[in-house]
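Engineer:
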Amino acid sequence: MKLGILINEGPYQHQASDSAYLFCKAALEKGHEIFRVFFYHDGVNNASRLTEPPQDDRNVVLRWSKLAETHHLDLVVCVAAALRRGIKDENLAPGFRISGLGQLVEAGIQADRLVTFGD
Amino acid sequence: MSEDNIKKFMFVNRKAPYGTVYALEALEVVLITAAFDQDVSLVFVDDGVYQLRKGQQTKGIETKNFSPTFRALEGYDIEKLYVEKESLQRRGLTEEDLLVEVTVLDSAAMGALMDEQDVILSF
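Order-wise, the sequence lines are chains A and B. Per this note's numbering, the very first residue in the first sequence carries number 1; after that it's consecutive. Per this note's numbering, the very first residue in the second sequence carries number 1; after that it's consecutive.
If you want it as structure tokens, here you go:
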């Protein structure tokens, strides 16, 4: 199945990004395709390479970057939401790109299922 | 865009218009989706019904009053607005309190409508 993923909450504050990550990993292992992961609302904070969690905690941002590299995932951050929150190309973690909301709509159109993680 | 690429997008608005950014940013997705010529409908449930309340004034909290955008939706060919009856009743509201024309459905009818959708985005 072709899946689109929407993440609406930031890292550490909320479990949305963790659950989405584990969902994507499990889906990929089962042979499903992840068409795109789209970050919206505070979810754009998942793309900040300035994030520095304590050493005994998981690194949410780095995990996404690694998953993207391994599986050639398309991690897209909404430009309007990102600029509001100070996420720009200069502090974007590897594997992420900034683009418009049209990318979310396209994921809705192209994917068999669009799965939302958030409140 | 060909017929094959038109999907039924439903936006479920559940939160009050101010206090969090969900409602405002949801509306941004709605407008973009309409620009992609998709079949768009909006649902208002729970505190989301307050988004359509007449007479919103936001000066005191120094945030943008975006409620006029709901009146402009018709211009984007977005005409399917549904409000859950129970959510209105629980908040002492009626259709007359809302700033646009809507279809009021009970929760069972709303559930049936959701069943018909291809993509549901909930904010």
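Yeah, the Cβ is synthetic: ideal placement off N, Cα and C, and Gly gets one too.
Would A/Leu83 count as contacting chain B if we go by Cβ distances under 9 Å?
Structural biologist: The count along the first sequence starts at 1 and reaches residue 83 of chain A at position 83. Among the CB atoms of chain B, none fall inside 9 Å of the CB of A/Leu83.
Engineer: Taking any Cβ of chain B, which residues in the stretch 5-36 of chain A have a Cβ under 9 Å from it, in chain order?
Structural biologist: Leu6 and Asn8
Engineer: Applying the criterion that 16 or more other CB atoms from any shown protein chain within 10 Å of the CB defines a buried residue, is A/His71 buried or exposed?
Structural biologist: Taking the first residue of the first sequence as 1, we reach residue 71 of chain A at position 71. Exposed.
Engineer: Please confirm whether B/Lys8 and B/Ser41 have their CB atoms less than 9 Å apart.
Structural biologist: Taking the second sequence and counting its residues from 1, one reaches residue 8 of chain B at position 8. Taking the second sequence and counting its residues from 1, one reaches residue 41 of chain B at position 41. For B/Lys8 and B/Ser41, yes; Cβs fall inside 9 Å.
Engineer: Sorted by chain position, which residues of the same chain lie with C-beta nearer than 6 Å to B/Asn65's C-beta, five sequence neighbours on each side aside?
Structural biologist: Here residue 65 of chain B corresponds to residue number 65 of the second sequence, with the count starting at 1. Cβ neighbours of B/Asn65 within its own chain (closer than 6 Å, five residues either side excluded): Gln56 and Thr58.
Engineer: Residues of chain B with CB under 9 Å from A/Leu104, in chain order?
Structural biologist: As a first step, residue 104 of chain A must be located in the first sequence, where it is residue number 104. Residues of chain B passing the Cβ test: Val29, Ile32, Thr33 and Leu121.
Engineer: Below 9 Å on C-beta distance, what does A/Ala80 contact in chain B?
Structural biologist: By one-based count along the first sequence, residue 80 of chain A stands at place 80. Those are Glu25 and Glu28, listed as they occur along chain B.
Engineer: Touching or not, the stretch 19-36 of chain B and the stretch 27-35 of chain A, by the rule of three or more beta carbon pairs under 8 Å?
Structural biologist: no
Engineer: Out of curiosity, what's the CA-to-CA distance linking B/Gln89 and B/Val30?
Structural biologist: Along the second sequence, one-based indexing puts residue 89 of chain B at 89. Along the second sequence, one-based indexing puts residue 30 of chain B at 30. Their Cα atoms are separated by approximately 26 Å.
Engineer: Does the beta carbon of A/Asp74 come closer than 9 Å to any beta carbon on chain B?
Structural biologist: Here residue 74 of chain A refers to the residue found at position 74 of the first sequence. Output row for A/Asp74: interface = no.
Engineer: To the nearest angstrom, how far is the alpha carbon of A/Val61 from that of A/Glu106?
Structural biologist: If you number the first sequence from 1, residue 61 of chain A lands on position 61. If you number the first sequence from 1, residue 106 of chain A lands on position 106. Those two C-alpha atoms are separated by around 24 Å.
Engineer: State buried or exposed for B/Met10, treating a residue as buried only when at least 16 other CB atoms are found within 10 Å of its CB.
Structural biologist: Within the second sequence, residue 10 of chain B is the residue found at index 10, counting from 1. It counts as buried.
Engineer: Straight-line CA distance for B/Asp46 to B/Ala108?
Structural biologist: By 1-based counting over the second sequence, the position of residue 46 of chain B is 46. By 1-based counting over the second sequence, the position of residue 108 of chain B is 108. B/Asp46 and B/Ala108: Cα-Cα distance of roughly 15 Å.
Engineer: With 9 Å as the threshold, decide whether the Cβ of B/Phe66 is near any Cβ in chain A.
Structural biologist: Taking the first residue of the second sequence as 1, we reach residue 66 of chain B at position 66. No, B/Phe66 lies away from the interface with chain A (no Cβ there is under 9 Å from its Cβ).
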